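This report concerns only the one structure given below.
There are 2 protein chains.
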Amino acid sequence: MPQNQSSILIPPVPRNTDPSRELPTPCLLLDVDRMQRNIKRMLERMGALGVPLRPHVKTCKSVEIARRMQGPDSPGITVSSLAEAEHFLEAGLVDQVYAVGIGPGKLDAVAALMARGARLAIVLDHADAARAVAAAAQAHHCRYRVLLEIDADGKRAGLNPSDPALTELARLITTSGNELAGVLTHMGGSYGCRGARALAEAAETERLAAVTAAERLREAGHACSITSVGSTPTAAFARNLNGITEVRAGTHVFMDRVMAELGVCTEDDIAISVLTEVISQRASAGEWLIDAGWTALTTDPGIGGPGFGYGRVCDAHGRPVGDLIVRATNQEHGIVAAASGRALDPNSLHIGQRLRILPNHACATAAQFDRYELIGAGCAHGEFWTRFRGW
Amino acid sequence: MPQNQSSILIPPVPRNTDPSRELPTPCLLLDVDRMQRNIKRMLERMGALGVPLRPHVKTCKSVEIARRMQGPDSPGITVSSLAEAEHFLEAGLVDQVYAVGIGPGKLDAVAALMARGARLAIVLDHADAARAVAAAAQAHHCRYRVLLEIDADGKRAGLNPSDPALTELARLITTSGNELAGVLTHMGGSYGCRGARALAEAAETERLAAVTAAERLREAGHACSITSVGSTPTAAFARNLNGITEVRAGTHVFMDRVMAELGVCTEDDIAISVLTEVISQRASAGEWLIDAGWTALTTDPGIGGPGFGYGRVCDAHGRPVGDLIVRATNQEHGIVAAASGRALDPNSLHIGQRLRILPNHACATAAQFDRYELIGAGCAHGEFWTRFRGW
């Protein structure tokens, strides 16, 4: 074959060979292969520990993804807003734990969702909330399913497992004709742990808090059928979950830079990224500008500190580029710089180049978008899944 | 009248007498009276300086609000995304400056908007972007309107006004048949200034950069009809705007805690707030939990530092409560604490109480919502305006 025909038969590789090259920027890419791998790994872990996963859908807010997150023994899903409860109810995912302390102002809406078929458990930790539940149950002629929130680490909400108020709250719930379904704890402090050992200890603290509270309630004569724990870091490193009936985790579906820093995953596991375009050069500073600002990436600092920035810079194929990060963001501008602070070569990138940014915090970055643009082996060109937001 | 009838004739004031008491939480309230006052003040300032306002609609992203932001002499609007350009074009606001450096990947969409009637100016500061514009103009048989971005303070984008590349870029634009409409500068560094004097100096630096660049272009034979500057802080404190043809400001419509810290407004001027409900108590820490987390308030730190937090806590009527702030946020939880760090009285708030949170950064907090719930003298019960997002 004559040499000069090769360029016709084997066309030169274009600058962007990525399937996302036609998409407008910024947009949110979802690598479905990585997502499936992350889901499988978590379900296998839960299988090994003998506890079903009740996936938290606050990270994905997508029916297509929530369905894929469930294992064969999953009792249902975990939601963080009544908007999620309603969307997933409409999609047939009726068994739900609304894992945020219930506000009295939301009890009418919860009753309406139950009347539409939701098997929705609510969470509380305060006698005034229990009294509001009692009053609303009477007003709506309904029976609320209640989980008591237990505090494992003093970081957010919940009663200490040894608090005398625990059995008093249980009594308030059951004597008003409502159902005490069990206890729930979330080890928020696990996000401050690094490495397998610290996370395994956090998981054990979380497990013990839930089991201790459940035992106290059972001793006081309450059934307490659910003992629910969870976060992605503790789920990934728990050594045993004896006495636990379900685990709530959600970030594992996408993973993010915080999870990678904690040792829960590697950068290669991060399934979502923001596709962006280089729009200008800050030649004197050795930096570049991209069209992904905080509207796309959020101002979530992740673990924070110098050199962490607002996202990790990859090329259009998803391969990390040197130590490049998004150093700073404005509303629609991101500044790309070296984590080390050194000035970048004037030819390191080019105007119009497409990059992908790995998020600090998957829940936050995904929330900035209304859809996932699908990439991966089995995805058709232009395929996407929608996501929703609001309350 | 017998004493015991008074409770029938004069009913006790309910806990929440606020017009927003029926709204689900969290939601975004817009005090239309405050907004109108903020708009009027800025238009009066521009009138006194003799320069028209081209309001930036990135903060409001609402047609109803953008229309009210315009003065009788406003030449059009400023947008930060092509989604804004399209929405406002459909609403008849055709004269637009897209004030983010143009990415080559967006030139097809810009041409399509121009074909639909948009008088849309784009911004660039790099020869490769100018070459992309030349190629796209040829491909689409269109003529782009281009503003050269000028750097006033080294914080983000733009050419130094004395950079030899300035006239070279102008030549690239005009010789390819496109229109050099003028210059644009944004003094991002003004957000780091405090007080009238520092902001007036920042405004003068911004003005000088734009005027110097425009003069150089005119000397080189270019018309350069637009010299555009702007940000809310510099607009509020500029002493003169000689040589400037339009000012871009947008945050002034709502104002926020950052603007109050800079001395641009007072807390009483802040027109948007997040309505939230108290959902639990952290009695041991002297703190409370509300149902507004970072999905509602964002993680934008504002000016940052201890005691600033993620929002200022007001009662349901909008009156600040002591020194209460939102100290920390999770996805759907906010922690309310005293800025001083002291433990709050156990009876300082109560479960189910409605509060309003003043935002750190109006552009960011408003972006978390799809609508504004209107409050104020002339607003009907349940009235709202929609807003949009995306790119």
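If you read the protein sequences in the order shown, they are chains G and D.
Each residue of the first sequence is one higher than the one before, counting from 63 in our numbering.
Each residue of the second sequence is one higher than the one before, counting from 63 in our numbering.
We put the beta carbon where it would ideally sit given N, CA and C, even for glycine.
These numbers come from a predicted model, not from an experiment.
If you drop the 5 nearest sequence neighbours on each side, which residues of the same chain put their C-beta closer than 8 Å to that of residue i?
i	result
V75 of chain G	Below a pLDDT of 50, predicted positions are generally treated as unreliable, and V75 of chain G, at 34, falls in that range; the measurement from the model is reported next regardless. Cβ within range, chain order: n/a, list empty.
E329 of chain G	R319, A322, R374, P382 and L420
P363 of chain D	F370, Y372 and N422
Y253 of chain D	S293, P295, V320 and L324
A171 of chain D	L144
From the DSSP secondary-structure annotation, give me the bridge partner or partners of residue i.
i	result
I397 of chain D	D:L351 and D:A390
H118 of chain D	D:T140
T247 of chain G	G:I212
R433 of chain G	G:T448
G163 of chain G	G:V185
P382 of chain D	D:C376
C255 of chain D	Answer is none; C255 of chain D lacks a bridge partner.
C89 of chain G	G:L337
D157 of chain G	G:R181
Q132 of chain G	According to DSSP, which records beta bridges pairwise, Q132 of chain G is partnered with nothing at all.
V309 of chain D	D:L115 and D:V291
Identify, in the order they occur along the chain, each residue of the same chain with its Cβ nearer than 7 Å to the Cβ of residue i, setting aside the five sequence neighbours on each side.
i	result
M176 of chain G	L182 and C204
S143 of chain G	W453
T357 of chain D	Q393, E394 and Q430
S136 of chain D	P114, L115, R116 and P117
P226 of chain D	none
D187 of chain G	G163, L210, E211, A219, G220 and L221
R451 of chain D	K123 and A429
How would you call residue i, buried or exposed, if buried means at least 16 neighbouring beta carbons within 10 angstroms?
i	result
T296 of chain D	buried
N66 of chain G	Residue placement at N66 of chain G is flagged as unreliable, the pLDDT there being 38, under the threshold of 50; the coordinate-derived value follows with that caveat. By the neighbour-count rule (16 or more Cβ atoms within 10 Å), N66 of chain G is not buried but exposed.
K102 of chain D	exposed
M63 of chain D	Low local confidence applies: a pLDDT of 36 at M63 of chain D is under 50, so the model's placement there is unreliable, with the coordinate-based value given in what follows. It counts as exposed.
E148 of chain G	buried
G414 of chain D	buried
G292 of chain G	buried
A400 of chain D	buried
P166 of chain D	buried
N304 of chain D	exposed
G366 of chain G	exposed
R389 of chain G	buried
A285 of chain G	exposed
H412 of chain D	exposed
I70 of chain G	In this prediction, I70 of chain G has a pLDDT of 36, which is less than 50 and means its spatial position is unreliable; what the coordinates show is noted afterwards. The residue is exposed, with fewer than 16 neighbouring Cβ atoms inside 10 Å.
H443 of chain D	exposed
A282 of chain G	exposed
R280 of chain D	exposed
H379 of chain G	exposed
A128 of chain D	buried
A197 of chain D	exposed
G239 of chain D	exposed
Tell me, to the nearest whole angstrom, how far the beta carbon of residue i is from that of residue j; I am working on the premise that it is less than 8 Å.
i	j	result
D432 of chain G	P88 of chain G	Contact flag wrong, Cβ pair sits at about 12 Å.
L115 of chain D	G133 of chain D	5 Å
A264 of chain D	G251 of chain D	6 Å
P223 of chain D	I235 of chain D	In fact, because the Cβ distance is near 17 Å, the residues do not count as touching under 8 Å.
A347 of chain G	A405 of chain G	7 Å
L454 of chain G	S290 of chain G	What is shown of chain G runs 63 to 453, which leaves residue 454 of chain G out entirely.
Considering only the beta carbon of each residue, do residue i and residue j sit closer than 8 Å?
i	j	result
F316 of chain D	M108 of chain D	no
L221 of chain G	A192 of chain G	no
T338 of chain D	T313 of chain D	no
G179 of chain D	V159 of chain D	no
A199 of chain D	A271 of chain D	no
I306 of chain D	R256 of chain D	no
R310 of chain D	H118 of chain D	yes
L169 of chain G	V195 of chain G	yes
A161 of chain D	V185 of chain D	yes
V398 of chain G	W350 of chain G	yes
T391 of chain D	T361 of chain G	no
A428 of chain D	I334 of chain D	yes
K120 of chain G	C425 of chain G	yes
R332 of chain G	E308 of chain G	The question names Arg, yet the displayed sequence has Ile at residue 332 of chain G. Contact: no.
Determine whether the Cβ of residue i lies closer than 8 Å to any Cβ atom of chain A.
i	result
A214 of chain G	The chain inventory of the structure shown lacks chain A, comprising the protein chains G and D.
Going by beta carbon distance, what residues of the same chain come within less than 6 Å of residue i, once the five residues before and after it are set aside?
i	result
R449 of chain G	K123 and S124
R77 of chain G	Residue placement at R77 of chain G is flagged as unreliable, the pLDDT there being 35, under the threshold of 50; the coordinate-derived value follows with that caveat. Excluding positions up to five away in sequence, the list is empty.
T267 of chain D	A214
E13 of chain G	Absent from the structure is residue 13 of chain G, since the part of chain G shown begins at 63 and ends at 453.
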